[in-house]
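Engineer: Protein chains in written order, with my numbering: chain A, 1 to 543; chain B, 1 to 227. Quick reminder that beta carbons are idealized off the backbone N, C-alpha and C, glycines included.
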Amino acid sequence: MATIAHGTPEIAAEEVNYLNVEHGWKSWLLTTDHKRIAFLYLISITAMFFVGGAMAVLFRINLLQPEGIFSAETYNRLFSMHGIVMVFFFLVPSIPATLANFLIPIMVGAKDLAFPRVNLLSWYLYIFGAIFTLYAVIRGGVDTGWTFYAPYSSTYSNSYVLSAAMGVFIAGFSSILTGLNFIVTVHKMRAPGMTWGRLPLFVWANYATGLIQVLGTPVLAITLLLLFFERVAHVGIFDPNIGGDPILFQHLFWFYSHPAVYIMILPGMGVISEIVACFSRKRVFGYNFVAFSSMGIAVLSFVVWGHHMFVTGEAMYTSVAFSFLSFMVAVPSAIKVFNWTATMYKGSVSFDTPMLYCFGFIGLFTIGGLTGLFLAALATDVATHGTYFIVAHFHYVMVGGMVMAFLGGLHFWWPKITGRLYPEAWAKFAALIIFIGFNLTFFPQFILGYLGMPRRYHAYPPEFQALNVLSTAGASILGIGYLIPMIYFVWSLKAGPKAGPNPWGATGLEWEIQSPPTTFNFDETPTVTKEAYDYGPVEEIVG
Amino acid sequence: MADALIHEAHEPDIEATHLRHHFATSAQQMDASMLGMWTFLITEVLFFGGMFAAYAVYRNMYPGAFASTSKFMDVILGGTNTAVLICSSLTMVLAVRAAQLSKRRDLILFTILTMIFGTAFLVIKAFEYHSKWVEHLIPGFDFQYDEPRYQHNAQILFFLYFCMTGMHALHMIVGLGLLTYLLVQSVRRVFNANYFAPVEMIGLYWHFVDVVWIFLFPLLYLIGHRR
Chain A
1 MATIAHGTPE IAAEEVNYLN VEHGWKSWLL TTDHKRIAFL YLISITAMFF VGGAMAVLFR
61 INLLQPEGIF SAETYNRLFS MHGIVMVFFF LVPSIPATLA NFLIPIMVGA KDLAFPRVNL
121 LSWYLYIFGA IFTLYAVIRG GVDTGWTFYA PYSSTYSNSY VLSAAMGVFI AGFSSILTGL
181 NFIVTVHKMR APGMTWGRLP LFVWANYATG LIQVLGTPVL AITLLLLFFE RVAHVGIFDP
241 NIGGDPILFQ HLFWFYSHPA VYIMILPGMG VISEIVACFS RKRVFGYNFV AFSSMGIAVL
301 SFVVWGHHMF VTGEAMYTSV AFSFLSFMVA VPSAIKVFNW TATMYKGSVS FDTPMLYCFG
361 FIGLFTIGGL TGLFLAALAT DVATHGTYFI VAHFHYVMVG GMVMAFLGGL HFWWPKITGR
421 LYPEAWAKFA ALIIFIGFNL TFFPQFILGY LGMPRRYHAY PPEFQALNVL STAGASILGI
481 GYLIPMIYFV WSLKAGPKAG PNPWGATGLE WEIQSPPTTF NFDETPTVTK EAYDYGPVEE
541 IVG
Chain B
1 MADALIHEAH EPDIEATHLR HHFATSAQQM DASMLGMWTF LITEVLFFGG MFAAYAVYRN
61 MYPGAFASTS KFMDVILGGT NTAVLICSSL TMVLAVRAAQ LSKRRDLILF TILTMIFGTA
121 FLVIKAFEYH SKWVEHLIPG FDFQYDEPRY QHNAQILFFL YFCMTGMHAL HMIVGLGLLT
181 YLLVQSVRRV FNANYFAPVE MIGLYWHFVD VVWIFLFPLL YLIGHRR
């Protein structure tokens, strides 16, 4: 992909990398190195993932019995906190703040992101927001659902809405700053020869994500601020008793939160493009289409929010328009899926762990995406709205898609990030466990939703018990599946075999520098002379 | 010719003081800073956009109440503030110009003038807020309205007034903080024709905040105004 003009070889310097160049907590907490900040983010979001996961374990236990085990109040708080923590503190920052933060400067041939200090600020904002939200968790939680719908959240809810919402408000700025940094970096920091047409598709996907973060998140900020004033001073803006319009809250909320679901999937699609090319030893089929489909998704994401409001008093013709536009999102999404599949066609496909997650992503995202079309259709949405069908649909996209891609990407770049290999057999086993656990958890929920079980209730009719028990059993398997990588990744940090600069034989600037990279990534600014994914004829590659 | 060569030879030294390690040239650094600032301002547009959307919805929903609230808007003070802000924009852009030409005295002078105009705006705004307080027009705090049929709807509209102008004023206060930083740096001779990105960035921010007011003034004070 590129040739790097090496300076005078330094024998002793090879051992120095971004991890061991400095020691002590200050060198981490005051760092402006994008790789160290990515590491800080990785630790933070993993912690939040397990907090959100613990909530899920608890409410799945509750659903073992039709009458429930906890009180309705407790159950409401559990699923609300699960949603808030997972969406705002895991999924939104998951790939952008960790893998993309680490990789984008390297992939474009830069020493760092355009604004390194802003990058560190974004991590502190994230932590500050997380503290607010965790305070709400510790004090007893929030029971509004992750959507904070007014007027329940502003007037009636007797839970810690303010601190949870302010946590989300603050974390939103961390997301904005990450997106802003990516946009400027991609525009202004590319190395000589790194044209837009040579950018890895991972960069394209995160650039599109950055646009959504920058354009959408401020609207969430003002929405939560209005909610704040409404709850504190009862000014009436969302209170129908005195002429306020709660539907306005929903419009403003979804104007961010629908684009936000593409923040939670586009970076995953970028990861899949990288993995599928590497483990098929082929250039991604239809590079331009895959790149522009990311941009297409980003643009369309802003004109589909009304499909969340088909049953909440939206004008009929408005709903028809939103329904049509929502169907359009399927086009760029399908382009990606077909092109990944076409990339594998006649490729030299190998079944390393990242590729297993990649297969998982493509299959599960396809199911999640296609069921999205059911929900974009007005008539079926009226029937399935607010049922487990929706829950299953977005978990297929968010967990089956994004978390699979996150884990796939983490396995793919782990040797680069840490310089160590993970145990391949355990990793394959965990990938299998996660795939089985995931489907066992969420496939029954499609059936439950189709049969009419509403979401967000702590109790249900006895005839739904068998499927709910299946789902809880799946969740337990899924939970174990997530713990295994956690354990072997920590183990490999200390004891994993040395990876070398390019264990996969992959192309891309990040594989041409040492593992782990030095603080400034490149000794000299690289000059790029080749296209992305320059894998060449299959038989020439020696695995 | 010789001058140019000498200039060329000296440039790396001049640049070296402000060029951050991860940029290749100061032109690249300047470009990145400007794009970053413009992108940030776009996020600000979206932030205020949420309030403008709410304004449009309620203005459309309660035209009668909206017309009745307009008599409480002081066009004289609002108009004065508009003039003050436009003047501050002029002095701001003159400050940027002064920095680009390495005219340190002018830079300091125009920065101070901009701060004076900015402060004047906030003082006038404070008087306006005070009169609303006296008239019990603060939403959520003992709100009383002389036309009972609009009691509730007027509260929402006054909330929008306070929210929009309050957010604007908050941005003005942040702007004054930035200008203070600018003043200190100017006194310390940081800026010259080779390095003025922070001046231009703060200028962009200041102009943006002015433009927000240019929209707020007609929407809140002029439309449907009657005495």
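Kindly give me the distance between the Cβ atoms of A47 (chain A) and V108 (chain A), rounded to whole angstroms, as I take these residues to be in contact under 8 Å.
Structural biologist: Not a contact, Cβ separation roughly 30 Å.
Engineer: Candidates B:F196, B:F47 and B:A120: which alpha carbon is nearest Q100 (chain B)'s?
Structural biologist: Of B:F196, B:F47 and B:A120, the residue nearest in Cα terms is B:F196.
Engineer: Under the three-state reduction of DSSP, which class applies to N288 (chain A): helix, strand or coil?
Structural biologist: Three-state result, N288 (chain A): helix.
Engineer: Flag this pair as yes or no: are the beta carbons of T133 (chain A) and G172 (chain A) separated by less than 8 Å?
Structural biologist: It is not a contact, given that the beta carbons lie outside the stated cut-off.
Engineer: Just checking: is the beta-carbon of G224 (chain B) within a distance shorter than 8 Å of some beta-carbon in chain A?
Structural biologist: No, its Cβ sits nowhere closer than 8 Å to a Cβ of chain A.
Engineer: Quick one: is Y62 (chain B) near chain A, going by C-beta distance under 8 Å?
Structural biologist: Yes, its Cβ sits closer than 8 Å to a Cβ of chain A.
Engineer: Taking the alpha-carbon of V214 (chain A) as reference, which of A:I263, A:Q250 and A:G193 has the nearest alpha-carbon?
Structural biologist: Of A:I263, A:Q250 and A:G193, the residue nearest in Cα terms is A:I263.
Engineer: To be precise: take each residue of the segment 33-51 of chain B, compare its Cβ to all Cβ atoms of chain A, and keep it if any distance is under 9 Å. Which residues remain?
Structural biologist: Answer in chain order: S33, L35, G36, T39, F40, I42, T43, E44, V45, L46, F47, F48, G49, G50 and M51.
Engineer: Compare the C-beta of A233 (chain A) against all C-beta atoms of chain B and say whether one is closer than 8 Å.
Structural biologist: Cβ-Cβ to chain B under 8 Å: yes for A233 (chain A).
Engineer: Taking DSSP as the reference, what is the three-state secondary structure of V528 (chain A)?
Structural biologist: If DSSP states are grouped into helix, strand and coil, V528 (chain A) belongs with the strands.
Engineer: Return helix, strand or coil for R105 (chain B), following the three-state DSSP convention.
Structural biologist: Reduced to three states, the DSSP call for R105 (chain B) is helix.
Engineer: Using a Cβ-Cβ cutoff of 8 Å, what residues of the segment 22-51 of chain A are near chain B? List them in chain order.
Structural biologist: Listed by position along the chain: nothing, the set is empty.
Engineer: Exposed or buried, which one is T223 (chain A) when buried takes at least 16 other CB atoms within 10 Å?
Structural biologist: Answer is buried; the Cβ neighbour count reaches 16.
Engineer: Output, in chain order, the set of chain D residues within a Cβ distance shorter than 9 Å of F361 (chain A).
Structural biologist: Included in the structure are the protein chains A and B, with no chain D among them.
Engineer: Could you tell me whether the segment 317-327 of chain A touches the segment 268-281 of chain A, using the rule of 3 or more Cβ pairs below 8 Å?
Structural biologist: Touching, no.
Engineer: Could you pull out every residue in the same chain whose Cβ sits closer than 7 Å to the Cβ of M344 (chain A), ignoring the five residues on either side in sequence?
Structural biologist: Counting only Cβ-Cβ distances below 7 Å, and skipping sequence neighbours, we find V276 and S280.
Engineer: List, from N- to C-terminal side, the alpha helix (DSSP H) runs of 4 residues or more that fit wholly inside the segment 367-433 of chain A.
Structural biologist: Segments of the alpha helix (DSSP H) lying fully in the segment 367-433 of chain A: 378-384, 388-397 and 404-418.
Engineer: According to a CB-to-CB cut-off of less than 8 Å, which residues of the segment 126-150 of chain B neighbour chain A?
Structural biologist: If the cut-off is 8 Å between Cβ atoms, the segment 126-150 of chain B has P139, G140 and F141 near chain A.
Engineer: Taking G270 (chain A) as part of the alpha helix (DSSP H), name the residues at either end of that continuous run.
Structural biologist: Taken as a continuous stretch (DSSP letters only), the alpha helix (DSSP H) holding G270 (chain A) covers L266 to S280.
Engineer: Does the Cβ of E8 (chain B) have 16 or more other Cβ atoms within 10 Å, making it buried, or fewer, making it exposed?
Structural biologist: Its pLDDT being 43, under 50, E8 (chain B) is placed unreliably in this model, and the value from its coordinates should be taken loosely. When all chains shown are included, E8 (chain B) counts as exposed.
Engineer: With 7 Å as the C-beta to C-beta threshold (strictly closer), list the residues of the segment 93-120 of chain B near chain A in chain order.
Structural biologist: Flagged: no residues at all.
Engineer: Quick check: what's the CA-CA separation for A24 (chain B) versus G244 (chain A)?
Structural biologist: Between A24 (chain B) and G244 (chain A), the C-alpha separation is close to 54 Å.
Engineer: What is the C-beta distance between L470 (chain A) and L440 (chain A), in whole angstroms, given that I count them as a contact (C-beta under 8 Å)?
Structural biologist: Yes, they are in contact, since the Cβ atoms of L470 (chain A) and L440 (chain A) sit about 6 Å apart, within 8 Å.
Engineer: Check each residue of the segment 160-192 of chain B: if its Cβ is closer than 9 Å to any Cβ of chain A, include it; give the result in chain order.
Structural biologist: Within the segment 160-192 of chain B, the residues whose Cβ lies closer than 9 Å to some Cβ of chain A are L160, F162, C163 and M167, listed in chain order.
Engineer: Determine whether the Cβ of V184 (chain A) lies closer than 8 Å to any Cβ atom of chain B.
Structural biologist: For V184 (chain A), the answer is yes, since a Cβ of chain B falls inside 8 Å of its Cβ.
Engineer: Establish whether the CB of H207 (chain B) and some CB of chain A are separated by less than 8 Å.
Structural biologist: For H207 (chain B), the answer is no, since every Cβ of chain A falls outside 8 Å of its Cβ.
Engineer: What are the partner residues of P454 (chain A), as DSSP defines its beta bridges?
Structural biologist: Answer is A:T387, bridged to P454 (chain A).
Engineer: Cα separation between Q445 (chain A) and E73 (chain A)?
Structural biologist: The alpha-carbon atoms of Q445 (chain A) and E73 (chain A) are separated by roughly 22 Å.
Engineer: For I282 (chain A), is the classification buried or exposed, using 16 other Cβ atoms within 10 angstroms of its Cβ as the cut-off for buried?
Structural biologist: The sequence shown places Lys at residue 282 (chain A), rather than the Ile named in the question. It counts as buried.
Engineer: Residues in its own chain within less than 7 Å of P461 (chain A) by CB, not counting five upstream and five downstream?
Structural biologist: Cβ neighbours of P461 (chain A) beyond the five flanking positions: P66.
Engineer: Quick one: measure Cβ to Cβ for Y75 (chain A) and H458 (chain A), integer angstroms, because I've assumed they're closer than 8 Å.
Structural biologist: About 3 Å; that satisfies the 8 Å criterion.
Engineer: May I ask you to check if the CB of D74 (chain B) is nearer than 7 Å to at least one heavy atom of the ligand NAD?
Structural biologist: For the ligand NAD, the structure offers nothing, since it holds no ligand at all.
Engineer: Reducing DSSP to helix, strand and coil, say where Y345 (chain A) ends up.
Structural biologist: Note: Y345 (chain A) maps to coil in three-state DSSP.
Engineer: Per the DSSP calculation, Y195 (chain B) is bridged to which residue(s)?
Structural biologist: Per DSSP, B:N192.
Engineer: Quick one: grab the DSSP three-state call for K111 (chain A).
Structural biologist: It is coil, neither helix nor strand.
Engineer: What residues match up with K498 (chain A) in a beta bridge as DSSP calls it?
Structural biologist: K498 (chain A) is bridged to A:R420.
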